[in-house]
Every structure is written in structure tokens, then in C-alpha cells.
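One line per chain: the protein sequences are U and P, in this order.
Heads up, the first sequence is in my numbering, so the first residue is 1 and it goes up one at a time.
Heads up, the second sequence is in my numbering, so the first residue is 1 and it goes up one at a time.
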Amino acid sequence: MTNQALGRGHRPSRGEGPLRAGLGRKRAAPLGMRPSSAGLAPRMIGGRPRSLVAPDPAMHVLHRLTFGASQKEIAKIARLGIQGWIEKQLDYTSIIDDGTEAQVAAMYPDLGLPIQSILAFYETDEERFWYHPYQLKKATILRALSSKRQLYEVMVEFWSNHFNVYHENDWTRWFKTLDDRKVARKHALGRFRDLLKASARSPAMLFYLDNFLNPVDGFNENYARELMELHTLGVDGGYTQADVVAVARCFTGWTIDWNYESPTFGHFRFEPEAHDYGAKTVLGHAIPAGQPGTTDGLQVLDLLASHPSTARTIAFKLCRRFVADTPPASLVNAAAATFLATDGDIRAILRTIFASPEFMAAADQKFKRPFEWLLSALRALGATATDAGLDAILWWLLEPLGQMPFDWAPPNGYPDVGGAWMNTNGLMNRWNVSSYVAFGWVDGVTFDLADIIAAIPVRTPGAMVDALAQRFLQRPLDAADRQVFVAYAGEGRPADQTVTLTYLLNRAPGLVALFVSSPHFQWR
Amino acid sequence: MNGETTLSRRAFLGTIGLGAIGTLATPHLVFGASGAGTTRDILICIFLRGGADGLNVVVPHGDPRYYALRPTLAIAPPGPGADRAINLDGFFGLHPALGALAPLYTAGVLAPVHAIGSPYPTHSHFDGMDYIERGTPGQKVLFTGWLGRHLETIAAGSASPFRAVGVGEHVQTSLRGSVPATAFSSLDEFQIFGDGRGDGRFLGSLATLYGGASPLSIQAQQTFQAVARVAGLDPDAYQPEHGAVYPDGSWFASGLRQLAQIIKADLGLEVACLDLGGWDTHEGEGGADGSMASLLSELAGSLMAFYTDLGTRTARITIVTMSEFGRRAEENGTRGTDHGHGSCWLVLGGGINGGRVYGTWPGLRADQLADGDLAVTTDFRNVLGEIVVRRLANPSVATVFPGLGTPQYPGLAKSL
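Here's what the structure looks like:
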């Protein structure tokens with residue numbers, strides 16, 4: 001399947017790329033097409049349908065800490081217990097996942113190359129050069145679909161969204177690969193301080209938020225502002241416009257090495273003559289004049305990484321991600337306290353959240369975002385995807401759903417509250433995508449529905465509904481809801497009427513689409 | 001995907017038809033057509049996301065400080081040549097890329113408002129947008145948007161799913177409220193495939209499962225109704241009228257084109273929001289040419305096509321362009337501008353007292369600027385409030401804009 005066939009997509013057009021436009025020039029401004037404040041404020045969005053019982057606690061853990069409850073993870077958490085499973089996921093390097101990573105390395109080998117080699121494709125293999133960003137997008141989907149390190153991948157997505165870099169911002173198409181490797185993937189379950197410092201030196205971020213163009217004789221405060229507003233302190237975190245200017249001055253000279261003959265081409269570079277060596281005051285803290293090199297900037301990052309407002313921002317966002325759109329203040333306070341007590345140890349903060357009664361009490365309160373919703377359907381089906389299948393998922397499913405990886409233009413990242421996603425267009429697209437997937441129209445995405453249906457011991461509409469309720473919802477339906485699904489599955493036949501396997505196989509795709517479309521499947 | 005699959009999907013879609021969806025439509029399918037039974041305008045709100053540089057939208061060419069502050073970005077004063085400001089009143093001029101709109105100013109239906117913005121100064125995109133869209137600067141107590149509250153307060157609102165429309169994948173914050181807004185990005189893809197059997201079982205089951213009054217169910221019911229209405233539109237066959245030509249390849253133009261179709265189909269549209277992004281011109285903003293000029297050209301060409309297409313219907317249409325803030329008066333070191341405060345909004349429509357620039361000019365001298373920014377002399381709520389009262393026939397301005405106090409309308413809208 002090609003984009004052209006789908007009539008969608010906006011791959012970079014030839015001849016107007018940044019390399020032709022001149023090094024370091026940027027055409028598009030980072031703030032893009034989307035209403036970026038949509039849904040920033042939570043509203044009452046409900047939660048699971050009243051007719052649906054709460055899931056088993058272990059299933060709740062899978063719904064929140066993975067991209068969807070697969071049969072394999074359900075078996076694993078049954079074996080290890082909730083605590084054992086969580087600890088194993090936190091200690092992700094102990095999970096042997098060579099299957100997925102080997103697949104990624106084989107399918108998308110360029111993701112492991114040095115940035116110089118990736119950029120060099122412009123001269124040697126233009127096709128490979130321009131299609132590079134889609135390798136990263138597809139690898140991201142593949143990892144979410146099949147990695148055994150599910151919590152790690154969830155956290156990679158979280159940090160990638162927190163330190164959002166829009167993938168279509170000229171040079172970020174290539175730099176984001178480096179950012180993914182050296183920022184989000186490297187520090188996803190490490191220390192916030194390391195993550196912040198890696199992001200500050202990441203060419204993708206330096207480009208996206210303009211710090212690569214922040215010299216002493218004409219500084220640019222874009223990065224300085226978003227660093228404090230979005231990455232660390234939060235908008236009400238206690239900084240002023242004077243702090244924004246001072247921080248911008250501290251980061252003068254932090255740029256990208258644009259010299260293609262240099263061994264560090266495409267990496268961070270400190271330009272001494274572009275730095276402002278004057279004294280600054282940041283958040284009441286004196287940054288003395290004449291400090292060498294990157295000292296000013298690193299001091300700012302250390303200051304921000306230890307700041308109570310940062311602890312609060314990160315604690316709040318993690319609680320919003322894992323607990324509720326409006327997380328309980330008690331839990332946010334506890335998570336922030338852990339942040340401060342452990343110098344921003346991400347695993348420790350997560351343990352505080354996962355061990356809390358607030359977390360365990362919050363089942364089905366998060367409206368799945370489109371990526372989570374789609375992946376949870378694919379994982380429930382045990383689907384696998386080829387390269388072409390990942391292309392189809394990207395352009396045919398995720399694009400209309402509004403959540404392709406790294407496709408959010410403003411720096412605040414995709415909203416993580418239900419109100420931002422619950423609307424007419426979004427629902428209609430979910431329902432249609434349910435049909436595309438269930439009827440097997442997505443070329444390159446395969447699953448064995450016949451096998452799933454044939455394995456049901458009793459051949460009745462009721463038994464098929466019960467089996468799929470377990471598979472998609474991990475719990476039984478109440479009588480009234482069950483009757484709606486049964487009436488659909490058996491076209492009005494009684495729930496316990498014996499039918500042929502052929503009949504069930506004929507009804508199964510529609511029933512899968514109905515489950516995935518139902519209000520019951522929209523919550524995690 | 002091969003051709004066969006595409007074909008079979010088409011054939012499949014054909015089998016769904018109106019029947020299946022039609023059976024779901026709830027009884028209130030007779031909507032108050034716009035124009036019939038109400039004299040309210042249809043309001044189109046266009047948000048220029050990113051902080052549009054008002055000083056280069058409507059150029060104060062009569063203020064010499066403008067040229068001193070912007071050595072590389074300033075638009076030359078009116079004169080011979082295409083890359084100069086288009087004179088409006090001897091002091092202000094339109095950016096040349098907005099040339100398509102100049103006839104509307106002359107015709108008296110376009111009213112720029114300069115030095116407009118929020119009374120709560122913020123240099124944050126997200127806070128800036130949030131406060132304007134909520135209509136409560138500096139306050140995040142109400143979660144509803146100003147248009148949401150407008151819809152909640154007008155008596156006897158219709159039940160049309162197209163009463164409030166947000167073009168795009170997300171409903172704009174302005175529309176948030178108890179009246180559900182319909183989001184769409186493309187009318188010709190606005191259909192539900194289901195299982196393709198055409199027996200109504202799939203959609204009937206889905207509708208039963210989405211019964212009730214939860215926020216999710218309400219959105220789902222809205223979707224069923226909207227899909228049923230759009231099914232009768234045949235969006236592929238839409239032909240703009242009066243020689244209107246929408247710019248090619250513009251998502252924004254395509255959104256306006258589809259709104260024109262919804263308006264002409266009398267689906268009960270009252271308010272619509274759409275966005276044009278890319279205004280965060282920290283770097284390489286350009287002057288008469290360049291990245292901002294391209295955006296202005298897309299804006300002007302699309303607006304002019306929409307206005308032309310709607311013909312005499314524009315007598316009952318008001319369009320507002322807005323942005324979260326303007327930009328710093330002085331250009332930065334990277335031939336761009338950083339986040340500022342006062343900006344310039346455009347108000348357009350048959351009921352607008354156009355042909356003049358509104359707002360008190362605060363001046364660009366250092367002592368006249370607000371910390372380097374164009375000062376705000378018009379609170380945006382007074383402009384929107386005036387439109388709410390005079391063009392949308394809603395007297396409840398105190399509910400739509402709580403905290404505004406005594407309104408001071410600039411007088412840019414005629415009373416209905």
C-alpha cells in the first residue's frame with residue numbers, strides 16, 4: 001500500500017527540503033495547525049459504562065502500564081503477580097526482548113546509524129533520506145505492538161510527548177531519530193535530571209525550539225520559555241519574564257554543528273563566541289559572569305531539575321498519565337515528595353504511584369487516546385504487522401485518528417485528557433477503523449480470528465460473545481449488554497442456539513468491530 | 001492496497017446507504033435552518049495559532065518608530081510597487097499579501113481592530129489561547145469556552161448536530177460547553193462503514209450500546225445524527241459559486257469551503273471554529289515575502305473565496321480572526337519576533353461597520369510600549385461581546401464573558 005493509493009499523507013516533497021534551502025534555515029515555525037490548548041483543562045468525562053463491572057486489579061494494571069492487554073501479558077501477570085510483574089517491567093533490561101528489537105533492527109536499520117550517515121543519504125540515496133522519519137514512526141508502532149518491555153515503551157512515549165519535538169519541522173525529521181535514541185529511550189526509566197540535560201543538548205530540540213539560533217547579539221527566548229513552562233516548572237511554577245530572558249542568555253551559544261566536514265556534524269556544539277558571558281540571575285540564583293563553556297546552561301538545568309515546581313509538574317503529569325485526568329492531590333503530593341527525595345528517580349516515582357490506593361481505585365477512568373485505543377485492539381487480537389502493514393497503520397489508521405507518532409506541532413505534546421479526544425470526528429474514525437481492522441482490510445496486518453473463534457468450545461452466539469468479551473474487555477458483560485452483542489452475533493437467534501462454525505466465522509469480524517467500537521472498549 | 005481492494009471497498013460502502021443510518025436518526029430531524037426562524041448571524045471564528053504578528057498584518061506605516069524597530073522585517077509604506085503596504089487610512093496599511101481583502105475594506109465590510117488582546121498579559125501560547133478561548137483572562141475556574149456559553153444561553157436553541165462545528169480533529173476550547181459541538185475534518189469521509197451488510201444490525205447495536213446520557217454517549221448520538229445529515233450532501237459534487245476560487249492545497253481553505261457547503265445546505269450552523277497555524281515566527285519571519293507572507297496570502301485568498309462563494313448570504317455572516325497574542329515590537333536577532341502582547345484581529349461580514357481601523361493606537365515609543373510589546377488598548381471581550389449582542393442576538397454577555405464588567409463596545413457591528 002502506498003500513500004498515494006490512500007490519498008493521504010504529507011511526506012516531504014522533493015526539492016524543498018532544508019538541505020537545499022541552506023544549512024540551518026528553517027521554513028516552518030514550530031507552532032502548527034492544531035488547537036493546542038484543546039482539552040488542557042479536564043472536564044467530567046465519565047468513565048466506563050455503568051453497566052460494565054470493574055476489571056480484575058491485574059487487568060487494570062495491564063490496561064494502564066501497557067499498550068493493551070495481550071494474551072501473553074495476561075498469562076505473565078497471572079504467573080508473576082501484580083507486584084512481581086510491575087517490578088519486572090521496571091527492571092526492563094532484565095526482560096529479554098530480542099524478538100522485537102531484532103525485528104526493528106532488521107526492518108529499520110537506519111535508526112541505529114550515526115546521524116552523519118543518515119544525513120549522508122541525501123547525496124547517495126535520496127529515497128532513503130526522505131523516508132527516514134517514517135522508519136522511526138513505524139518502529140515506534142512496532143515496539144508498542146509487540147515489545148515485551150511494555151512499561152518501558154509506555155514511558156518512552158510519555159517522555160517523547162513531554163519533550164515534544166514535531167517531526168515535520170524540517171531537520172527534526174532526521175534529528176528526532178537521535179533524540180529518540182539518546183533522550184527518551186536512554187533515560188525513560190532513569191533520572192529526570194539526565195533526561196532534561198540530554199534533551200537540552202539534543203539537536204532535534206535545539207532546532208525545534210530555536211535555541212540553535214540563540215547568539216549573544218540577538219538572542220531567542222523560545223527554548224528558555226518552554227523549558228520552564230512545559231519541561232520543568234510549569235506555567236505557574238514561579239518564574240518571570242526576567243527569568244526567561246536570563247535563561248535564554250545562559251543558553252546562548254548552545255547550537256548544532258552544521259559543518260558537514262566536522263566529526264560532530266549534526267550533533268550538539270557549543271559556540272564560545274556566541275555565548276553571553278555576563279552575570280545573570282535565574283530564579284533568584286546568581287549565575288556569575290565569565291563562566292566557561294556550557295557552565296551557565298548546566299547550572300540552569302541543575303537548578304530546574306531540583307526545583308519543587310518541577311517535581312510537582314512531573315508528578316502531576318505522571319499521575320495524569322497513569323491515574324486520572326484530574327489526579328487526586330494526595331497522590332500528586334506523594335509522587336512529588338518522592339521526586340524530591342530521590343533526585344528525580346523515575347522508577348521510584350512510578351513505584352509511589354503504582355503502589356497507591358488512588359491508582360488501584362481508578363480503573364477505566366482514562367479515555368483511551370487514539371494510539372492507545374488502536375494498539376489495544378491490535379494487541380487483543382494478537383496482530384502482527386509487516387512494514388507495509390505499519391505503513392497502513394500509520395497513514396490509514398493513525399493519521400485520520402489524529403495521533404501519528406511525533407505529529408503534534410506545538411511544544412506541549414498530545415493532550416493526555418479525555419475531553420481533548422472525545423468528539424464526533426474522533427468517534428466516527430474509531431468506528432470506521434474498527435471495521436478496517438476487524439474485516440482484515442489493513443494489508444500487512446494479520447491476526448488469526450478464525451483460530452480464536454474455532455478455539456471456543458461451544459458453537460453458540462452466546463459463547464462467541466462471552467469469549468470476545470474476555471478477550472477485549474477482560475471481564476464478562478452484564479445481561480442487558482450481553483443481549484445486545486448476542487442479538488448482533490446471532491442475528492436474533494437465542495444466545496444458546498447451536499450454530500455452525502462457518503456461521504460464527506461469518507459473524508465474527510462484525511462482532512469484533514462492534515466490541516472495539518463499543519463504549520466499553522474506549523476506557524483504560 | 002491494490003485496485004481490487006479499493007474497488008470492493010467502494011462497492012461495500014455503496015451497500016450501506018442512507019437506510020441503515022437513517023433508522024438511527026432521532027425524531028428531531030427538522031432543524032432550524034440558518035436564516036429561517038432566526039435572524040442571528042452565523043459566526044465563523046478563525047484562530048491564528050502561534051501568535052500572529054499584528055504589526056505586520058495591519059502595518060502602522062505612519063508611525064516612524066515601526067521602521068526603526070524592524071530594520072529587516074518592516075513593510076515599506078504605500079507607494080508604487082507590489083511589495084508595499086496597501087494604504088487603508090493614511091496611517092495603517094494592509095500587508096501586501098492581504099491584498100485580496102482590500103476590496104472588502106473599501107466595500108465597508110472589513111474592520112481590522114488594532115492593539116487588541118487579552119487584559120491578562122502572558123507570553124505563553126497555551127495560556128494565551130486558553131484564556132481567550134475560555135473568555136476568562138487570568139481565570140481557569142470555568143471549563144467552558146465563550147462560544148459554548150453563548151450557545152448555552154440563547155433560548156430555544158435548535159437540536160441540529162451542526163449547530164456548533166469545529167473543523168479539525170479536535171473541538172476547539174471556545175466551543176466547550178453543554179451544547180455538543182461536531183468536529184469534522186472532511187465531509188466526504190463523514191460516514192460510518194459498520195459491517196457493510198446494510199441490514200441496520202451493526203449501527204442499531206452500536207446506537208443501543210451508546211444509549212444514555214454520559215458525555216461519551218452524547219457525543220456518539222451527535223455523531224449518528226451528523227452522519228445522517230451529511231449523507232444527503234454529496235460533498236464531492238460541491239461547486240463554489242460566484243466565481244469563487246479556493247486556494248489549492250490549503251487545509252484551511254478546504255475547511256472554509258466545506259463550511260460554505262454546510263451553510264448553503266441550511267443544516268442549522270450557528271458557530272464554527274477553525275484554525276490556521278504556523279504564526280510563531282521567532283525566526284525567518286520575512287517581510288513582504290517570506291513565511292508570514294505565505295500564511296497571510298493563504299488566509300486572504302481563502303477568506304475572499306469563502307466570502308465570494310456565499311454571495312448575499314454574507315449579510316448574515318460574521319467572521320473574526322484572532323490570535324493568542326501579537327509579537328514583540330522590536331525584531332529579534334534571528335529576523336523574527338518573539339512573543340508579545342497586543343495584536344491585530346480582523347472582523348468581516350455584512351453586518352460590520354467596516355472600512356475603518358478600530359482601536360486606540362498606543363504608539364511604539366519605548367515609554368508607550370508595554371515591556372517592549374505593543375500595548376493592548378482593546379480588550380478582546382469587548383469586540384466579541386459586541387458581536388454576541390448585536391450579531392448573535394444574545395444579551396447574556398455577562399454570562400459569556402463573566403468578569404468583563406461594563407462593556408465598552410467599539411461600535412464595529414450593526415444591530416440586527
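All C-beta atoms in this analysis are idealised placements derived from N, C-alpha and C, irrespective of residue type, glycine included.
According to DSSP, simplified to helix, strand and coil, what is residue i?
i	result
U:ALA286	strand
U:TRP441	coil
U:ILE256	strand
U:ARG181	helix
U:LYS379	Per the sequence shown, residue 379 of chain U should be read as Arg rather than Lys. If DSSP states are grouped into helix, strand and coil, U:ARG379 belongs with the helices.
U:ASP296	helix
U:ASN432	helix
U:LEU31	Because the pLDDT at U:LEU31 is just 37, under 50, the model does not fix this residue reliably, and the point stays unresolved.
U:ILE95	coil
U:ILE456	coil
U:ASP345	strand
P:LEU299	helix
P:GLY333	coil
U:THR264	coil
P:GLY419	No information on residue 419 of chain P is available, as it lies outside the stretch 1 to 416 that chain P covers here.
U:ILE115	helix
U:ILE393	helix
I'd like the span of the beta strand (DSSP E) that includes residue i, first residue to last.
i	result
P:ASP275	271-277
P:VAL320	317-323
U:PHE322	Taken as a continuous stretch (DSSP letters only), U:PHE322 belongs to no beta strand (DSSP E), being part of the alpha helix (DSSP H) at 308-322.
P:LEU346	343-349
P:PHE184	182-184
Beta-carbon of residue i versus every beta-carbon of chain P: anything under 8 Å?
i	result
U:LEU514	yes
U:ASP217	yes
U:ASP210	yes
U:GLN522	yes
U:TRP254	no
U:PRO327	no
U:ILE45	yes
U:THR310	no
U:PRO35	Below a pLDDT of 50, predicted positions are generally treated as unreliable, and U:PRO35, at 36, falls in that range; the measurement from the model is reported next regardless. Closer than 8 Å: yes.
Taking the DSSP output, what are the residues bridged to residue i?
i	result
P:ASP379	P:GLY117
U:TRP523	U:PHE367
U:ALA385	U:VAL445
P:ASP373	P:ARG328, P:ALA370
P:HIS339	P:ARG327
U:LYS280	U:ILE287
P:ASN87	P:GLY93
Quick one: give me the first and last residue of the alpha helix (DSSP H) that residue i is part of.
i	result
P:ARG167	Reading off the sequence shown, one finds Val at residue 167 of chain P, where the question assumed Arg. P:VAL167 -> not in any alpha helix (DSSP H); beta strand (DSSP E) instead, spanning 164-167.
P:LEU48	Note, P:LEU48: premise wrong, no alpha helix (DSSP H); beta strand (DSSP E) at 42-49.
U:ARG269	From DSSP, U:ARG269 is part of no alpha helix (DSSP H) but of the beta strand (DSSP E) over 268-270.
P:TRP146	146-153
U:THR140	132-146
P:LYS264	251-264
Please check if any C-beta of chain U sits within less than 8 Å of the C-beta of residue i.
i	result
P:ALA183	yes
P:GLU298	no
P:THR208	yes
P:GLY22	Low per-residue confidence applies at P:GLY22: pLDDT is 34, beneath 50, and the placement is therefore not dependable enough to give any value.
P:ARG65	no
P:ARG201	yes
P:GLU417	With chain P represented from 1 up to 416, any question about residue 417 of chain P goes unanswered, as that position is not in the structure.
Counting pairs of Cβ atoms below 8 Å between the region 176-185 of chain U and the region 200-216 of chain U, do you hit three or more?
-> With a cut-off of 8 Å on Cβ pairs, the region 176-185 of chain U is in contact with the region 200-216 of chain U, counting three or more such pairs.
Does the pairing of the region 62-74 of chain P with the region 327-346 of chain P give three or more beta-carbon distances under 8 Å?
-> yes
Would you check if the region 89-96 of chain P and the region 124-137 of chain P touch, i.e. whether three or more CB-CB distances between them fall below 8 Å?
-> The answer is no - the region 89-96 of chain P does not touch the region 124-137 of chain P, with fewer than three Cβ pairs under 8 Å.
Do the region 399-407 of chain U and the region 469-484 of chain U make contact, defined as three or more Cβ pairs closer than 8 Å?
-> no
Given 8 Å, three or more beta-carbon pairs between the region 304-324 of chain P and the region 42-53 of chain P = yes
Assess, as a yes-or-no matter, whether the region 141-161 of chain P is touched by the region 172-191 of chain P under the definition of 3 or more beta carbon pairs within less than 8 Å.
-> yes
The region 76-84 of chain P in contact with the region 297-312 of chain P per 3-pair CB rule at 8 Å = no
Between the region 338-351 of chain P and the region 218-229 of chain U, are three or more C-beta pairs nearer than 8 Å?
-> With three or more CB-CB distances shorter than 8 Å, the region 338-351 of chain P counts as touching the region 218-229 of chain U.
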